[in-house]
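Read the structure below first, then the notes.
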Amino acid sequence: MKKFRKYILVVAVLLLVYKCANQQPPTGGDVDRIPPEVFETYPLNGQTNFNEDYILISFSEYVDKRSVKEAIFISPTIEGELDYDWSGTDLTIYFERDSLKPNTTYIVTVGTDVKDLNNGNNLENTITIAFSTGNKIDNGLITGKVFADDLLGTSIYAYKLIDSIEFNPLKTKPDYISQVSKDGTFQLLGLVKSKYRLLAIKDNFKDRLYNREDDYFGTTTKDIEITETDSVFANLKFKLTIEDTTKPSVQNITMTDQHHLFLELSEPVDTSKLFIENFTIVDSSTGTSQTPNFIYKGKSKTGQLLIAFSDTLNEDGNYFLHTSNLIDYAENKSAKEITSFVYNELKDTNFVKILDVKKQFKDDQIDFVNPRLTLLLDDGVSLENIKRSVSFYDSRKNKLEVIVSKINDAEFNIDIKSKLEPKKEYSLEVNSNYLIDIAGNKLDSVFTYKVKTINDLDFSGVSGKVNYSGEHNTYIVLITAEKKAVKNVYQQKAEEGSFNIERVIPGKYLAWAFEDSDSNSVYSFGNAEPFKFAERFVYYPDTLNLRPRWPVGDMLLDLND
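Start counting the sequence shown at 2; every next residue gets the next number (this note's numbering).
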């Protein structure tokens with residue numbers, strides 16, 4: 002073996018000399034989009050009776066050394082310090098010879114975090130090799146796929162489940178690691194006989210631990226047991242999500258004028274779940290307090306709120322805002338907080354402005370089935386005044402019935418209850434004389450917004466069956482496939498295994514189905530710690546190109562797979 006090792010090193014040196022002699026300076030032209038590749042490795046995949054003290058990996062081009070170090074996983078872990086020695090595009094990893102365990106299968110994974118030095122192109126496919134210090138390779142194999150918008154850096158962690166050891170990915174590193182390829186596929190090979198729990202982890206800290214609220218994670222629907230007779234498991238699936246267990250809190254308050262407070266929060270909160278009872282303005286110098294009249298987002302940025310109150314404050318007061326039960330989008334509730342603010346004598350002289358009237362479709366189009374408009378203002382207005390201010394007309398100026406509902410005190414849904422016809426023009430009028438803010442400011446004008454109902458033939462649809470032998474409800478979800486496009490989402494419960502989603506906006510879609518085991522009508526991702534299995538799901542294998550008037554039928558989604 003010593004002679005063989007010398008031969009390998011001589012070949013590596015000759016390759017380096019050849020590469021160095023043929024290096025050319027950049028000549029311009031097209032941007033380099035070619036991903037790096039792994040040309041060769043030593044040991045070879047499947048090699049047995051390995052007793053060397055190094056691993057050789059040769060790349061097709063110069064790569065970022067740090068990215069390589071973070072993307073190489075050796076399972077089980079080789080004890081002791083590893084020495085990374087570079088020679089051109091060749092990496093030799095040295096370790097103590099006696100650090101390898103006898104009769105043990107080792108898995109070396111080169112993940113997609115590897116990027117080239119020229120343009121930062123990532124390795125497209127994960128490379129995995131198995132070698133053994135004994136005379137056989139363990140044959141346990143698990144394959145599957147991770148589903149997420151951004152897969153780069155996602156790893157599969159496999160933990161041996163031992164009854165005497167509590168499973169805790171926050172503290173325990175996995176026994177085996179693999180990294181997913183660009184398309185989300187992965188394989189864990191060379192697994193010894195054992196029971197395993199698997200997690201998909203996007204390890205931002207590269208510490209091979211799960212870090213709550215920092216790492217995206219995914220769980221499976223079951224644990225996997227590798228046995229002598231049952232050693233291969235395929236089609237294991239993960240969906241990635243991220244935990245949010247932090248309660249929102251008030252970071253800062255600014256009194257912008259005599260009737261408004263501007264709140265900066267630690268994170269966005271759900272304004273549809275805010276109530277004036279969540280807020281109290283207190284003057285500690287007099288012991289007096291008041292509840293605000295309006296709470297809204299207006300034109301503030303993410304994580305900001307505005308509060309409007311009617312009673313003016315005294316410049317000699319000592320003011321605090323008491324807040325509680327602010328709810329973020331992960332259903333975390335804020336604790337009771339008391340935050341001080343400084344009095345501002347500036348008078349409010351601004352009238353209410355209309356920020357936007359949102360339509361259901363582009364080009365000022367709305368549906369003629371369940372038509373809706375959404376009115377956005379820059380200040381709080383009572384629901385009663387909004388109802389007085391809005392009117393909806395057909396092209397003959399006939400007034401149609403609408404129902405106005407509040408999202409928050411500056412955002413309102415306008416649902417048209419009268420029957421509309423397709424491909425017809427209508428108009429929404431907003432009389433700003435009724436848009437009265439907390440200080441009594443208003444503008445005497447009428448604003449008109451023209452809209453047009455969509456053509457019924459402009460829609461598409463999908464139909465098919467869900468193959469499922471369980472006892473729970475199943476749901477089918479359609480979601481826009483293009484990452485940068487506006488996300489259209491459609492969801493329908495399968496009835497007796499069948500579904501028919503109609504009136505779908507044309508475009509490219511992904512379709513998937515899930516088993517609603519907790520009966521909440523929403524896909525449940527499970528939990529990494531304390532551990533909870535995810536709900537079963539399946540994706541339709543092809544991207545659907547839904548065209549107007551051409552619905553797709555006879556789809557089959559197999560949840561038993």
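Where a beta carbon is used, it is the ideal one built from N, C-alpha and C, also for glycine.
Since we're looking at a predicted model, the values are computed, not measured.
How big is the Cα-Cα spacing for residue i and residue j?
i: residue 349; j: residue 302; result: 21 angstroms
i: residue 46; j: residue 408; result: 60 angstroms
i: residue 259; j: residue 345; result: 6 angstroms
i: residue 552; j: residue 462; result: 4 angstroms
i: residue 545; j: residue 487; result: 16 angstroms
i: residue 162; j: residue 224; result: 9 angstroms
i: residue 399; j: residue 146; result: 56 angstroms
i: residue 192; j: residue 335; result: 45 angstroms
i: residue 80; j: residue 188; result: 24 angstroms
i: residue 26; j: residue 73; result: Unreliable positioning characterises residue 26 in this predicted model, as indicated by a pLDDT of 38, which lies under 50. The coordinate reading is nonetheless provided below. Distance between the alpha carbons of residue 26 and residue 73 is about 29 angstroms.
i: residue 465; j: residue 559; result: 11 angstroms
i: residue 413; j: residue 385; result: 11 angstroms
i: residue 202; j: residue 216; result: 7 angstroms
i: residue 315; j: residue 244; result: 44 angstroms
i: residue 232; j: residue 182; result: 22 angstroms
i: residue 555; j: residue 508; result: 19 angstroms
i: residue 359; j: residue 166; result: 55 angstroms
i: residue 171; j: residue 242; result: 16 angstroms
i: residue 482; j: residue 323; result: 44 angstroms
i: residue 44; j: residue 75; result: 13 angstroms
i: residue 250; j: residue 282; result: 17 angstroms
i: residue 227; j: residue 144; result: 13 angstroms
i: residue 138; j: residue 49; result: 7 angstroms
i: residue 427; j: residue 300; result: 27 angstroms
i: residue 22; j: residue 37; result: Low confidence applies here, because residue 22 scores a pLDDT of 42, under 50, leaving its location unreliable and the question unanswered by this model.
i: residue 150; j: residue 184; result: 10 angstroms
i: residue 455; j: residue 420; result: 14 angstroms
i: residue 514; j: residue 495; result: 9 angstroms
i: residue 497; j: residue 516; result: 14 angstroms
i: residue 168; j: residue 83; result: 28 angstroms
Going by Cα to Cα distance, which pick from the options is closest to residue i?
i: residue 186; options: 238, 552, 363 and 173; result: 238
i: residue 372; options: 418, 229, 200 and 443; result: 418
i: residue 526; options: 240, 120 and 44; result: 240
i: residue 543; options: 512, 164 and 535; result: 512
i: residue 56; options: 361, 67, 103 and 130; result: 130
i: residue 246; options: 536, 540, 177 and 528; result: 528
i: residue 444; options: 411, 353 and 480; result: 353
i: residue 272; options: 381, 117 and 148; result: 381
i: residue 471; options: 561, 457 and 458; result: 561
i: residue 502; options: 485, 547 and 63; result: 547
i: residue 234; options: 475, 557, 194 and 270; result: 194
i: residue 549; options: 458, 557 and 534; result: 458
i: residue 152; options: 218, 177, 96 and 213; result: 218
i: residue 394; options: 524, 425, 126 and 160; result: 425
i: residue 33; options: 122, 71 and 82; result: 122
i: residue 209; options: 176, 236 and 230; result: 176
i: residue 313; options: 256, 475 and 103; result: 256
Can you give me the start and stop residues for the alpha helix (DSSP H) that residue i sits inside?
i: residue 387; result: 384-390
i: residue 70; result: 66-72
Between the beta-carbon of residue i and the beta-carbon of residue j, is there less than 8 angstroms?
i: residue 330; j: residue 389; result: no
i: residue 263; j: residue 305; result: yes
i: residue 650; j: residue 101; result: Residue coverage of the chain in this structure runs from 2 to 562, which leaves residue 650 outside it and unanswerable.
i: residue 133; j: residue 106; result: yes
i: residue 254; j: residue 275; result: no
i: residue 500; j: residue 480; result: no
i: residue 200; j: residue 211; result: yes
i: residue 204; j: residue 135; result: no
i: residue 180; j: residue 117; result: no
i: residue 156; j: residue 178; result: yes
i: residue 321; j: residue 285; result: yes
i: residue 431; j: residue 403; result: no
Terminal residues of the continuous beta strand (DSSP E) containing residue i?
i: residue 59; result: 55-60
i: residue 265; result: 261-266
i: residue 439; result: Taken as a continuous stretch (DSSP letters only), residue 439 belongs to no beta strand (DSSP E), as it is neither H nor E.
i: residue 181; result: Looking at the DSSP string, residue 181 is not in any beta strand (DSSP E), and its letter there is neither H nor E.
i: residue 378; result: 373-378
i: residue 464; result: 461-468
Would you say the beta carbon of residue i is closer than 7 angstroms to some non-hydrogen atom of the ligand ATP?
i: residue 497; result: Ligands displayed in this structure: none; no statement on the ligand ATP is therefore possible.
In terms of DSSP beta bridges, what is residue i paired with?
i: residue 305; result: 265
i: residue 336; result: Looking at the DSSP assignment, residue 336 forms no beta bridge with any residue, so it has no partner.
i: residue 532; result: 529
i: residue 514; result: 477 and 539
i: residue 198; result: 160
i: residue 490; result: 480
i: residue 99; result: Paired residues: none, contrary to the question.
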